[in-house]
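Data first, discussion second: the structure below is written as structure tokens.
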Amino acid sequence: MDALSPIVEAPHAGGWLATLGLGLARRHDRTVLARRRHVGPLTVQKPLYPEPDAAICHLTLLHPPGGLASGDTLRLDIELDADAHAVITTPGATKWYKAHPAHPSRQELTIRVADGARLDWLPLENIYFDHSQAHQRMDVSVGAGASALGWDAALLGRQASGETWSAGQVRNDFRLLDGAGRLLWTERQRLTARAALRAAPQGLAGMPAYGTLWAVGGACDATLAEALAPDLPFDSGLRAGATSPMPGVLLVRAVATHIEPLRHLFAALWLRLRPLVHGVPGRPLRLWAT
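In numbering that gives the first Met the number 0, the protein residues as written are 0 to 289.
So this is what it looks like as structure tokens:
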């Protein structure tokens, strides 16, 4: 990975286009931000090294507008070179504002984790405002001997303001791939405000908060999923289950009546899984305490 993949500014209707390309490389005993380029209001804070192991670089993605309006596009391209280790998070939730169906808001994310590298992908949740039209795509490729651990969480409607999600659509395409581009796991979500899946027991069970924690690595298998299962909640406010759809991939899905318990569950699972998936201790993020 000597150079970042080119960022192509595709046409977009009536909104902002923001792009960010990051390349992280191992330099002796430290992971450094070796390459960075951005267009528009999407950037990254200065790298931090809050853990005793200087090989682990912490980055916080910044999008000052705080949300996406109709026609807006965010495009991120992140590369971890061989043996690098990055923890990437956000300072706040991503807000998806009301949008016209013909001009949805878009977020496109491509992450490549090279051989022997490690990724912790820990963004705060997406909040889908009433009448939002959200199109999301995320591809994560993980090389030989590498590992990746992350999550995606969402809240339908501005719950704190008493708003429900009465109209809109969320489209989410998610793929996990190996270093050669072979598919490990894929999901295609098409959720509308009136979808029967929102109330169905096998869907969201009437709960507005939901998410998936995912992990890729040699330790991710059915045995690990079975070990997690007895400790996962299943009550009226928070329900979760673990599965390994194929060797090397672990998924934990959760639904909740509020986003905070789901967020806390994923954070606790990350702390537990990090030593198993990455071989390094789990340490609470300082950002979470602010």
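Each residue gets a CB set at the ideal place from its N, CA and C atoms; glycine is no exception. Because the structure is a prediction, the values reported are computed rather than measured.
Given residue i as reference, the closest of the options once Cα atoms are compared
{"i": "residue 133", "options": "201, 204, 67", "result": "67"}
{"i": "residue 240", "options": "228, 246, 96", "result": "228"}
{"i": "residue 184", "options": "137, 210, 28", "result": "137"}
{"i": "residue 195", "options": "165, 186, 220", "result": "165"}
{"i": "residue 285", "options": "175, 208, 59", "result": "59"}
{"i": "residue 256", "options": "236, 266, 262, 158", "result": "236"}
Residue i - partner residues in DSSP beta bridges
{"i": "residue 119", "result": "86, 148"}
{"i": "residue 66", "result": "94"}
{"i": "residue 209", "result": "153, 254"}
{"i": "residue 164", "result": "Beta-bridge pairing links residue 164 to no other residue."}
Expected contact under 8 Å - CB spacing of residue i and residue j to nearest Å
{"i": "residue 180", "j": "residue 217", "result": "Not a contact, Cβ separation roughly 19 Å."}
{"i": "residue 120", "j": "residue 149", "result": "3 Å"}
{"i": "residue 17", "j": "residue 73", "result": "5 Å"}
{"i": "residue 71", "j": "residue 20", "result": "That belief does not hold up - the Cβ atoms of residue 71 and residue 20 are roughly 18 Å apart, past 8 Å."}
{"i": "residue 108", "j": "residue 56", "result": "The pair is not a contact, with the Cβ atoms about 18 Å apart (cut-off 8 Å)."}
Per-residue burial, residue i [other beta carbons within 10 Å of its own, 16 or more giving buried]
{"i": "residue 168", "result": "buried"}
{"i": "residue 160", "result": "exposed"}
{"i": "residue 41", "result": "buried"}
{"i": "residue 274", "result": "exposed"}
{"i": "residue 116", "result": "buried"}
{"i": "residue 182", "result": "exposed"}
{"i": "residue 128", "result": "buried"}
{"i": "residue 10", "result": "Note that residue 10 has pLDDT 41, beneath the 50 cutoff, so the model's placement of it is unreliable and no number is given."}
{"i": "residue 30", "result": "buried"}
{"i": "residue 93", "result": "buried"}
{"i": "residue 224", "result": "buried"}
{"i": "residue 301", "result": "Here the chain has residues from 0 to 289 only, and residue 301 is not among them."}
{"i": "residue 226", "result": "exposed"}
{"i": "residue 2", "result": "In this predicted model, residue 2 has a pLDDT of only 42, less than 50, meaning its place in the structure is not dependable enough to derive any value."}
Task: Three or more C-beta pairs below 8 Å linking the stretch 124-132 and the stretch 97-105 - done: yes
TODO: Inspect the CB distances between the stretch 142-154 and the stretch 40-53 and report whether three or more fall short of 8 Å.
DONE: With a cut-off of 8 Å, the stretch 40-53 and the stretch 142-154 do not count as touching, because too few Cβ pairs lie within range.
TODO: Specify whether the stretch 76-85 and the stretch 104-114 touch according to this definition: at least 3 beta carbon pairs, one from each stretch, less than 8 Å apart.
DONE: Touching, per the Cβ criterion.
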